[in-house]
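Just so you know, we're using this note's numbering here: the sequence shown kicks off at 351 and counts up by one.
C-beta atoms are modelled at their ideal positions from N, C-alpha and C, and glycine is treated no differently.
A quick write-up on the structure given underneath.
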Amino acid sequence: MTENKVCIKSLTMPKLEEFLVSMGEPKYRAKQIFKWLSQNAKSFDEMSDISKKLREKLNEACYINDVKIVSKQVSKLDGTIKYLFELQDGNCIETVLMQYEHGNSICISTQAGCKMGCAFCASFDKGRTRNLTPAEIYDQILSAQYDSGRKVSNIVLMGTGEPLDNYDNVIDFLRIISDENGVNIGMRHISLSTCGIVPKIYELAKLKLQLTLSISLHCPINEIRSTIMPINKSYNVETLIKACKDYFKTTGRRISFEYAMIDGKTDSKECADKLIEFFKGFPAHMNLIPLNHVEGSPLEPTPMKKIKQFQNYLIKNGINTTIRRSLGGDISASCGQLRKKYIEGESR
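Put into structure tokens, the structure is as follows:
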């Protein structure tokens, strides 16, 4: 039973030190425990370099969170692995491990479900159930590494959920994963994606983290963006772009903009001209994403020929632009699809 126990894997190093001192233990024990947790230890009994008495105290006061693999799809095309993990309360989340020449990148979830309602995303279909704890975010990386045998070098917070809607837990996770006593993945190797919760962008800027902020922009025209991204009704394009430029002034970190190419909606010359108006002279990176079709959605992907024309037009006008490479094309590629299929299968 974990009720009334501390989730020790959710504690940052300073919080773990503070917790151990409150138990009457020396602060240095935190480094030993933190290292064991980063090595995917499943029980305190595995922690052979701490005393039996302390292990007993930890067993009484704490628990070690874990996730269970309920589905695993491996792409025959490029080795991409898509996991469906079950949490201890029965909720499920998705994680994708991708192979690149520069190393292994992992796309992780920050919420079970999502309430943002973006029209092109399968995650919203079942709504947001709850926020993930720092440990549940962390465990996606530990479990994927352990199962696949691949060491993760880059992290993308772009799976199910809106990271800035789970702000405090996400920040603690970032502190844990980048700590030199554990997995030690530097902030420069981490990207955080948001649909545009403006107040939280300003809050994040104050921390001056060295991560890459990715904005799910997808359309620069308010009338269109509001139909595919309800968040735009709260924070319109102009408000979001101002927040991004203020973020850059504060942090000095270039921002990446995610842009879904949706046939007849986001791929017009008017959209391209608006992007040029907003970003010419600003050190932004525009990442064009060929839309993954979601079952039941009326939205269709822009043909690749037109995507390349859109890209060339932006580049010609001074906007750094790339087209995202599509991985895992032979498995459930869209964010939320695997979870959606699993939930629907259970309900039948």
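With a cutoff of 8 Å on beta-carbon distance, isoleucine 383 and methionine 373 are scored as not near each other.
Take serine 360, set aside five residues on each side of it, and the residues of its chain with a beta-carbon closer than 6 Å to its own are Thr483, Pro484, Ala485, in chain order. For valine 356, the CB contacts under 8 Å within the same chain, skipping 5 residues up- and downstream, are Phe369, Ala411, Cys412, Tyr413 in chain order. In the DSSP assignment, isoleucine 540 falls within the unbroken beta strand (DSSP E) covering 540-544. If you draw a straight line from the Cα of serine 584 to the Cα of valine 417, it is about 35 Å long.
Nearest to isoleucine 491 by alpha-carbon distance, out of Thr577, Ala469, Leu524, is Leu524. Lysine 422 and isoleucine 431 have their C-alpha atoms spaced approximately 7 Å apart.
Inter-residue distance for proline 651 and phenylalanine 660 is about 13 Å (C-alpha atoms, whole angstroms). The C-alpha of valine 502 lies about 26 Å from the C-alpha of aspartate 395. Taking a contact as a CB-CB distance under 8 Å, the pair threonine 600 and alanine 634 does not count as one, their CB atoms being some 16 Å apart. Glycine 546 counts as buried, since no fewer than 16 other beta carbons sit within 10 angstroms of its beta carbon. The segment 605-621 makes contact with the segment 550-568, as at least three CB pairs between them are under 8 Å. In this structure, leucine 447 and arginine 500 form a Cβ contact; the two beta carbons are roughly 6 Å apart against a cut-off of 8 Å. The way I'd put it, the segment 576-595 doesn't touch the segment 434-451; fewer than three beta-carbon pairs between them come closer than 8 Å.
Going by beta carbons, leucine 514 and lysine 550 fall inside the 8 Å limit. Cβ atoms of threonine 479 and glycine 463 come within 8 Å of each other, at about 5 Å. Spatial neighbours of glutamine 560 in its own chain (CB-CB distance under 6 Å, excluding positions within 5 residues in sequence) are listed in chain order as Met537, Arg538. By the CB criterion at 8 Å, arginine 674 and asparagine 637 fall inside the cutoff. The secondary-structure analysis by DSSP pairs glycine 453 across a beta bridge with Tyr450.
For threonine 672, the enclosing beta strand (DSSP E) stretches over residues 670-673.
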